[in-house]
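What follows is a single structure, written as structure tokens, with notes after it.
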Amino acid sequence: MRSFVVTGGSQGVGRAIVERLATEGLVVVLDLAATLVWAPSDVTLVSGDAGDPGTARRAAEEAEARAPLAGWVNNAAVFRDAPVTAPPSDVLAAVTANLSLAITGCHTAVGHYLRHGRAGAIVNVSSHQAQRPVRGALPYATAKGAVEALTRAVAVDHGPDAIRTNAVALGSIETARYEEYRREHPEVDRQMAALHPLGRVGTGREVAEAVAFLLSDQAAFVNGAVLPVDGGRAAQGADPEAT
1 MRSFVVTGGS QGVGRAIVER LATEGLVVVL DLAATLVWAP SDVTLVSGDA GDPGTARRAA
61 EEAEARAPLA GWVNNAAVFR DAPVTAPPSD VLAAVTANLS LAITGCHTAV GHYLRHGRAG
121 AIVNVSSHQA QRPVRGALPY ATAKGAVEAL TRAVAVDHGP DAIRTNAVAL GSIETARYEE
181 YRREHPEVDR QMAALHPLGR VGTGREVAEA VAFLLSDQAA FVNGAVLPVD GGRAAQGADP
241 EAT
């Protein structure tokens, strides 16, 4: 038996990852949520800020108390816009709000694996916006670009310690947040079909399967990779959102 930590795992893509990993081990969810009404007995909540080192370490210790910690998923994110015309301090704060979540998670996971003299894996959740931003998402796109660089740097630095670090770069994914947007913008299905060569948005389950693979022994020689889970969006030419 082994354990995992998933940040931002109370809903959406994070919840799908938690439910998938719970089929293989015990999962600790690190999230601002106060409760997890849907969670089975093999899923435990540590309520708090995933960007706080003390809280993150508490989540790692909670997981370790149940089974050896084998995988850490940095999924938590903040969606806050700040255009470059805003005060630089506002832009930097919005970027840092996202980037600090991944840095803290990597710091905590690597430190935990090293203290226990154990191999381990980390998956950072990125976005197609790291390569091709859409309008109105400058801090988020900037942070995700940095997260992908962080992924490669940690993979290089700690590969010799048998710690693998990879990322998944997501296209548009079907979540409650997406469904709310869809109700308000009925034309979105046509737009999403044009954006994604597979003709649809992805599902949380499809993301979760990719994350589970990267954490598994089947991916034992995969390190420093950024895997697009985007239905071909990143591979496509002109982006309709650019017009």
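With the first letter of the sequence shown counted as 1, position 225 gets the number 225 in full-length UniProt numbering; the numbers rise by one all the way through. Note that CB positions come from ideal geometry on N, CA and C, so glycine has one too.
Do residue j and residue i have their beta-carbon atoms positioned less than 8 Å apart in this structure?
| i | j | result |
| --- | --- | --- |
| Ala76 | Leu26 | no |
| Thr35 | Val46 | no |
| Val168 | Val125 | yes |
| Val6 | Gly14 | yes |
| Gly231 | His185 | no |
| Ala16 | Arg205 | yes |
| Pro68 | Arg2 | yes |
| Val91 | Val84 | yes |
| Tyr178 | Val211 | no |
| Val147 | Leu215 | no |
| Ala93 | Leu138 | no |
| Gly48 | Leu30 | yes |
Based on Cα-Cα distance, which residue from the options lies nearest to residue i?
| i | options | result |
| --- | --- | --- |
| Thr108 | Arg152, Asn74, Val134 and Arg80 | Asn74 |
| Gly159 | Ala176, Thr142, Val207 and Ala119 | Ala119 |
| Leu101 | Arg58, Asp52 and Ala60 | Asp52 |
Using DSSP with H/G/I as helix, E/B as strand and the rest coil, what is residue i?
| i | result |
| --- | --- |
| Ser3 | strand |
| residue 244 | Given that the chain is displayed from residue 1 to residue 243, the structure contains no residue 244 and the question cannot be resolved. |
| Gly224 | coil |
| Asp90 | helix |
| Leu138 | helix |
| Gly202 | strand |
| residue 248 | With the chain represented from 1 up to 243, any question about residue 248 goes unanswered, as that position is not in the structure. |
| Leu114 | helix |
| Gly231 | coil |
| Asp157 | helix |
| Asp217 | helix |
| Arg164 | strand |
Assign residue i to buried or exposed, taking buried as 16 or more other Cβ atoms, counted over all protein chains shown, within 10 Å of its Cβ.
| i | result |
| --- | --- |
| Ala149 | exposed |
| Ser10 | buried |
| Ala141 | buried |
How many whole angstroms separate the CB atoms of residue i and residue j, which I take to be in contact at a CB cut-off of 8 Å?
| i | j | result |
| --- | --- | --- |
| Val222 | Arg152 | No, Val222 and Arg152 are not in contact; Cβ-Cβ is about 13 Å, not under 8 Å. |
| Thr104 | Ala50 | 7 Å |
| Ala130 | Gly145 | 4 Å |
| Leu170 | Val229 | 5 Å |
| Val43 | Ala22 | 6 Å |
Any Cβ of chain C within less than 8 Å of the Cβ of residue i?
| i | result |
| --- | --- |
| Asn98 | Looking at the structure shown, chain C is missing, and only one protein chain is on hand. |
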